[in-house]
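Undergrad:
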Amino acid sequence: MGSQTANGVSSLTLKARCIRQSVVRSLAAAGSGHLGGSMSSADILTALYFSVMKHKPEDPFWAGRDRFILSIGHIAPVLYATLAEAGYFPKEELLSLRKMGSRLQGHPGRDHGLPGMELSAGSLGQGLSVAVGMALAARLDGLDYRVYCLNGDGELQEGSIWEAAMSASHYKLNNLTAIIDRNGLQIDGSTETVMSLEPLKKKWEAFGWNAMECDGHDFGSLLNAFKKAQQEAVRPSIIIAKTIMGKGIPSIEGDYRWHGKAPSKEQAEEMLKEVH
Amino acid sequence: MERFINRGNKATKAGFGEGLLEAGIANLNVIAIGADITASVGVDLFASKFPQRFISLGIAEQNCVGVAAGLALSGKIPVFATYGVFSALRTTDQVRISLCYNNLHVVIGGAHAGVSVGPDGATHQALEDIAIMRVMPNMTVISPCDASQARLAVISSVEQCHGPVYIRFGREAMPDFTSPLQEFIPGKAQLMHEGNDLAIIATGHMTWEALQAAYELEKEGIHARVLNIHTIKPIDEPALILAARECGALVTAEEHQLAGGLGSAVSEVISKNYPVPIEFVGMNDHFGESGPPRELMIKFGFTAENIIIAARKAMSRKGI
Ligand SMILES: [Mg+2]
Chain F
1 MGSQTANGVS
11 SLTLKARCIR
21 QSVVRSLAAA
31 GSGHLGGSMS
41 SADILTALYF
51 SVMKHKPEDP
61 FWAGRDRFIL
71 SIGHIAPVLY
81 ATLAEAGYFP
91 KEELLSLRKM
101 GSRLQGHPGR
111 DHGLPGMELS
121 AGSLGQGLSV
131 AVGMALAARL
141 DGLDYRVYCL
151 NGDGELQEGS
161 IWEAAMSASH
171 YKLNNLTAII
181 DRNGLQIDGS
191 TETVMSLEPL
201 KKKWEAFGWN
211 AMECDGHDFG
221 SLLNAFKKAQ
231 QEAVRPSIII
241 AKTIMGKGIP
251 SIEGDYRWHG
261 KAPSKEQAEE
271 MLKEVH
Chain G
277 MERFINRGNK
287 ATKAGFGEGL
297 LEAGIANLNV
307 IAIGADITAS
317 VGVDLFASKF
327 PQRFISLGIA
337 EQNCVGVAAG
347 LALSGKIPVF
357 ATYGVFSALR
367 TTDQVRISLC
377 YNNLHVVIGG
387 AHAGVSVGPD
397 GATHQALEDI
407 AIMRVMPNMT
417 VISPCDASQA
427 RLAVISSVEQ
437 CHGPVYIRFG
447 REAMPDFTSP
457 LQEFIPGKAQ
467 LMHEGNDLAI
477 IATGHMTWEA
487 LQAAYELEKE
497 GIHARVLNIH
507 TIKPIDEPAL
517 ILAARECGAL
527 VTAEEHQLAG
537 GLGSAVSEVI
547 SKNYPVPIEF
557 VGMNDHFGES
567 GPPRELMIKF
577 GFTAENIIIA
587 ARKAMSRKGI
């Protein structure tokens with residue numbers, strides 16, 4: 001898809017804004033759900049779906065597509081908003097989030113038939129292993145698609161993540177890129193208070209990964225990191241994207257209390273005025 | 277019916293390994309995943325024949341299940357085997373979400389089932405795996421009675437099943453008595469011995485014990501029907517209901533905890549459809565221990581003699 005021109009970056013900014021607005025609207029309609037992480041990941045998803053990944057919204061299971069695995073299923077609202085923005089299904093359907101019979105389950109459920117969903121997920125620590133399996137399959141079949149996996153920072157406290165990390169570098173899966181939404185927060189507060197993760201980049205390097213840090217809200221910085229990941233010849237890559245929980249709604253930015261909360265209808269009205 | 281004869285003792289894990297190799301020869305999408313104890317669970321045959329299709333992931337069972345899910349989502353048919361205490365219990369959350377919720381065709385092998393594992397002791401004797409695996413939506417649970425059936429169970433799981441499958445097998449060489457040419461139909465109970473005085477419903481190694489019990493009872497003029505339930509889920513409801521209707525009393529026999537296993541599955545069907553007395557042979561809320569396999573089976577009550585005692589009790593409760 002698009003190349004990294006100055007114009008491209010500004011169009012990504014517009015896309016991200018639309019996605020954030022959709023997230024606020026769908027969460028307000030649902031009455032529950034995770035706003036904070038959806039906002040911190042919005043730019044990462046925008047970069048992937050509108051610049052980095054090969055995919056065809058009109059042919060969701062096109063064999064040559066790059067795969068996107070959302071390991072942190074609780075930020076499903078931002079994935080749904082991104083898929084709708086990309087044209088996988090009509091945006092109106094975003095208002096059915098978490099409702100009876102909806103294809104937009106609280107956490108991703110493939111069996112409900114939403115186009116573009118690669119994996120049902122929501123129990124933390126599982127997605128990276130699935131991504132490793134997909135990257136291995138691409139190797140076995142001689143296909144050149146890439147696998148992208150979005151992980152949360154709190155999620156890295158799960159031991160299974162590090163099992164997956166070991167296996168990806170063991171098999172030299174340079175077709176795999178993981179992204180950490182490093183917003184520094186989890187439900188109980190700061191990750192460094194709950195269970196410290198730092199020095200995070202060194203940990204991934206020690207596990208044999210091409211580890212990079214970037215500004216998760218700067219498209220130039222994000223696209224540069226993705227480009228370096230594509231150029232890496234041997235190692236799997238990890239992009240530790242520094243982000244801000246609630247990013248794009250100044251009144252809630254950095255507030256961990258918005259991790260697992262949805263805005264009321266009135267709050268949503270105010271937020272929609274703020275979204276940038 | 278002709279009596280079954282032991283053609284020689286053979287571990288069900290050996291049958292599993294042979295079946296995996298055959299399935300791999302027939303279908304190039306079959307991928308085996310190893311968690312270090314490859315030879316110990318019979319996967320070494322496949323691994324040495326198809327090194328390119330064998331993925332070693334080390335002692336990291338949770339990752340093994342996730343990787344299997346990723347391979348299955350990419351059109352492969354992964355077979356992941358290790359001891360049942362790990363493949364079914366350590367990975368329960370991964371099995372639930374990554375495999376079952378996604379309804380992916382992955383075959384999980386659970387080796388070292390039951391106390392017949394022997395000297396390794398309680399930590400490695402899987403006695404809870406059937407209970408855990410059978411409550412998972414979309415999961416098929418298979419427990420073959422001997423090596424010949426284990427071989428066919430793997431081939432069938434690869435070729436005939438669509439969602440996740442758990443196959444349970446043992447470590448110790450045990451009687452190999454079913455025909456290598458038998459037809460293996462997942463979900464279908466196998467009638468092993470005819471009779472209408474009571475029915476013995478058995479699975480795994482206990483099917484051989486059930487047959488020995490039936491042959492003993494025959495000497496006293498008691499005609500016991502023996503059903504081999506090689507597929508615990510989906511269970512063959514018609515065969516169980518017919519056994520209850522025609523025999524009037526049942527005994528279940530399994531090398532597993534009484535709670536949640538075959539006995540529970542049979543009770544769920546019978547209590548709803550045709551209630552008759554049932555007696556249960558299995559592990560009574562206890563861990564196993566170290567010792568020679570046969571002595572452990574005697575100590576914990578996994579023998580034909582235990583089945584005969586249960587049979588008399590079930591029959592005595594008829595019509596009460
Ligand atoms: Mg976080």
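Top to bottom, those sequences are chains F and G. Quick note on numbering: the first sequence equals residues 1 to 276 in our numbering. Quick note on numbering: the second sequence equals residues 277 to 596 in our numbering. From the three backbone atoms N, C-alpha and C, an ideal C-beta is built for every residue, glycine too.
(1) Are the C-beta of D369 (chain G) and some C-beta of chain F separated by less than 8 Å?
(2) For the alpha helix (DSSP H) containing R238 (chain G), name the first residue and the last one.
(3) Measuring only from the beta carbon, is Q157 (chain F) closer than 7 Å to any heavy atom that is part of ligand 1?
(4) Counting pairs of beta carbons, one from the segment 336-351 of chain G and one from the segment 295-302 of chain G, are three or more of them closer than 8 Å?
(5) Using 7 Å as the cut-off, classify the Cβ of N183 (chain F) as near or not near the heavy atoms of ligand 1, replying yes or no.
(6) According to the Cβ coordinates, are N174 (chain F) and V234 (chain F) closer than 8 Å?
(7) Measuring alpha carbon to alpha carbon, tell me which of F:I72, F:G73 and F:K54 ends up nearest G64 (chain F).
(8) Taking G558 (chain G) as part of the beta strand (DSSP E), name the residues at either end of that continuous run.
(9) Restricting to Cα atoms, I'd like to know which of F:D181, F:A121 and F:L140 is closest to L150 (chain F).
(10) Taking 8 Å as the CB-CB cut-off, is D111 (chain F) touching chain G?
(11) Does the segment 397-412 of chain G touch the segment 421-438 of chain G, meaning 3 or more C-beta pairs lie closer than 8 Å?
(12) Give me, in chain order, the residues of the same chain whose beta-carbon lies closer than 6 Å to that of K286 (chain G); leave out the 5 immediate sequence neighbours on both sides.
(13) Taking the alpha carbon of P510 (chain G) as the reference point, which residue from G:V542, G:N282, G:R329 and G:Q458 has its own alpha carbon closest?
(14) Which residues mark the beginning and the end of the alpha helix (DSSP H) in which D512 (chain G) is found?
(15) Would A84 (chain F) count as contacting chain G if we go by Cβ distances under 8 Å?
(16) Interface residues of chain G around G189 (chain F) at Cβ under 7 Å?
(17) Start and end of the beta strand (DSSP E) containing T416 (chain G)?
(18) Does the structure place the segment 469-485 of chain G close enough to the segment 498-505 of chain G that three or more beta carbon pairs sit under 8 Å?
(19) Roughly how many angstroms lie between the CA atoms of M306 (chain G) and K352 (chain G), to the nearest whole one?
(20) Would you call the CB atoms of L176 (chain F) and A168 (chain F) closer than 8 Å?
(21) Nearest to A30 (chain F) by CA position, among F:R110, F:M100, F:R20 and F:G87, is which residue?
(22) According to DSSP, simplified to helix, strand and coil, what is G295 (chain G)?
(23) Quick check: is the beta carbon of I384 (chain G) nearer than 8 Å to any beta carbon in chain F?
(24) Give the residues of chain F in contact with N339 (chain G), contact being defined as C-beta atoms less than 7 Å apart.
(25) What are the complete beta strand (DSSP E) segments, minimum 3 residues, inside the segment 34-70 of chain F?
(26) Is it true that the CB of G284 (chain G) sits closer than 8 Å to the CB of R427 (chain G)?
(27) Residues in the same chain with beta-carbon distance under 8 Å from L597 (chain G), minus the five sequence neighbours each way, listed in chain order, please.
(28) Got a sec, what are the start and stop residues for the alpha helix (DSSP H) S547 (chain G) sits in?
(29) Using a Cβ-Cβ distance cut-off of 8 Å, determine whether G480 (chain G) contacts chain F.
(30) Quick one, which residues of the segment 341-352 of chain G are near chain F if we go by CB-CB under 8 Å, in chain order?
(31) Report the option in F:H276, F:E213, F:K273 and F:Q267 whose CA atom is closest to the CA atom of L27 (chain F).
(32) In whole angstroms, what separates the C-alpha of L114 (chain F) from that of P57 (chain F)?
(33) According to the neighbour-count rule (16 or more other Cβ atoms, all chains shown, within 10 Å of its Cβ), is I69 (chain F) buried or exposed?
(34) What do you get for T399 (chain G), buried or exposed, if any count of 16 or more other CB atoms within 10 angstroms of its CB means buried?
(35) Mind pulling the beta strand (DSSP E) runs of 3 or more residues that sit fully within the segment 307-366 of chain G?
(36) Which residue marks the beginning of the alpha helix (DSSP H) containing H217 (chain F), and which one marks its end?
TA: Quick answer:
(1) Here the question's residue 369 (chain G) lines up with position 93 in the second sequence. The beta carbon of D369 (chain G) falls within 8 Å of a beta carbon belonging to chain F, placing the residue at that interface.
(2) A query on residue 238 (chain G) cannot be resolved here, the shown segment of chain G reaching from 277 to 596 and no further.
(3) For this step, residue 157 (chain F) is matched to residue 157 along the first sequence. Taking 7 Å as the cut-off, one finds no heavy atom of ligand 1 near enough to the beta carbon of Q157 (chain F).
(4) No contact exists between the segment 336-351 of chain G and the segment 295-302 of chain G.
(5) Locating residue 183 (chain F) in the first sequence gives position 183, where the first residue counts as 1. Result yes, Cβ under 7 Å from ligand 1.
(6) Working through the first sequence from its first residue, we reach residue 174 (chain F) at position 174. Working through the first sequence from its first residue, we reach residue 234 (chain F) at position 234. For the 8 Å CB-CB criterion, N174 (chain F) and V234 (chain F) form a contact.
(7) Stepping through the first sequence from its first residue, residue 64 (chain F) is reached at position 64. Closest by alpha carbon: F:K54.
(8) One-based indexing of the second sequence puts residue 558 (chain G) at position 282. Counting along the chain, the beta strand (DSSP E) containing G558 (chain G) begins and ends at I554 to M559.
(9) By one-based count along the first sequence, residue 150 (chain F) stands at place 150. Among F:D181, F:A121 and F:L140, the Cα nearest to that of L150 (chain F) is on F:D181.
(10) Walking along the first sequence from the start, residue 111 (chain F) turns up at place 111. Cβ-Cβ to chain G under 8 Å: yes for D111 (chain F).
(11) No, the segment 421-438 of chain G does not touch the segment 397-412 of chain G.
(12) Position 10 of the second sequence, counted from the first residue, corresponds to residue 286 (chain G). So the qualifying residues of the chain are A423, A449 and D452.
(13) Sequence index remark: in the second sequence, residue 510 (chain G) carries index 234 (1-based). Ranking the options by Cα distance to P510 (chain G), first place goes to G:V542.
(14) As a working mapping, residue 512 (chain G) is identified with position 236 in the second sequence. Taken as a continuous stretch (DSSP letters only), D512 (chain G) belongs to no alpha helix (DSSP H), as it is neither H nor E.
(15) Numbered from 1 along the first sequence, position 84 holds the residue referred to as residue 84 (chain F). By this cut-off, A84 (chain F) is not an interface position.
(16) As a working mapping, residue 189 (chain F) is identified with position 189 in the first sequence. Taking a Cβ-Cβ threshold of 7 Å, none of the residues of chain G is close to G189 (chain F); the smallest such distance is about 25 Å.
(17) Taking the second sequence and counting its residues from 1, the one referred to as residue 416 (chain G) is at position 140. Run containing T416 (chain G): T416 to I418, per the beta strand (DSSP E) assignment.
(18) Segments in contact, yes.
(19) What you label residue 306 (chain G) is simply residue 30 of the second sequence in a count that begins at 1. What you label residue 352 (chain G) is simply residue 76 of the second sequence in a count that begins at 1. In the sequence on display, residue 306 (chain G) carries Val and not Met. Cα to Cα, V306 (chain G) sits roughly 6 Å from K352 (chain G).
(20) Here the question's residue 176 (chain F) lines up with position 176 in the first sequence. Here the question's residue 168 (chain F) lines up with position 168 in the first sequence. Against a cut-off of 8 Å, the Cβ pair of A168 (chain F) and L176 (chain F) comes out as a contact.
(21) Translated into positions along the first sequence, residue 30 (chain F) becomes position 30. With distances taken between Cα atoms, A30 (chain F) lies closest to F:M100.
(22) For the purposes of this step, residue 295 (chain G) is identified with residue 19 of the second sequence, where counting begins at 1. Helix.
(23) Residue numbering aside, residue 384 (chain G) sits at position 108 when the second sequence is read from its first letter. Any Cβ of chain F closer than 8 Å to the Cβ of I384 (chain G) would place that residue at the interface, and such an atom is absent.
(24) The count along the second sequence starts at 1 and reaches residue 339 (chain G) at position 63. S129, S160, E163, A164 and S167, listed in chain order.
(25) For the segment 34-70 of chain F, the full-length beta strand (DSSP E) segments reaching 3 residues or more read 67-70 along the chain.
(26) Looking up residue 427 (chain G) in the second sequence gives position 151. Looking up residue 284 (chain G) in the second sequence gives position 8. Not a contact, by the Cβ cut-off of 8 Å.
(27) In the structure as shown, chain G begins at 277 and stops at 596. Residue 597 (chain G) is therefore absent and cannot be evaluated.
(28) As a first step, residue 547 (chain G) is located in the second sequence; it is residue number 271 there, counting from the start. For S547 (chain G), the enclosing alpha helix (DSSP H) has its first and last residue at L538 to N549.
(29) By 1-based counting over the second sequence, the position of residue 480 (chain G) is 204. Output row for G480 (chain G): interface = no.
(30) Listed in sequence order: V341, G342, V343, A344, A345, G346, L347, A348, L349, S350, G351 and K352.
(31) Walking along the first sequence from the start, residue 27 (chain F) turns up at place 27. Out of F:H276, F:E213, F:K273 and F:Q267, F:Q267 has the C-alpha closest to the C-alpha of L27 (chain F).
(32) Counting from one through the first sequence, the residue named residue 114 (chain F) turns up at place 114. Counting from one through the first sequence, the residue named residue 57 (chain F) turns up at place 57. So the two alpha carbons sit approximately 12 Å from each other.
(33) To locate residue 69 (chain F), count along the first sequence from 1; it is residue 69. In this structure I69 (chain F) is buried. Its beta-carbon is surrounded by 16 or more other beta-carbon atoms within 10 angstroms.
(34) On the second sequence, residue 399 (chain G) is found 123 positions in, with the first residue counted as 1. Exposed.
(35) For the beta strand (DSSP E) assignment, the uninterrupted runs of no fewer than 3 residues enclosed by the segment 307-366 of chain G are, from N- to C-terminal side, 330-332 and 353-359.
(36) Your numbering for residue 217 (chain F) matches position 217 in the first sequence. For H217 (chain F), there is no enclosing alpha helix (DSSP H), as DSSP marks it with neither H nor E.
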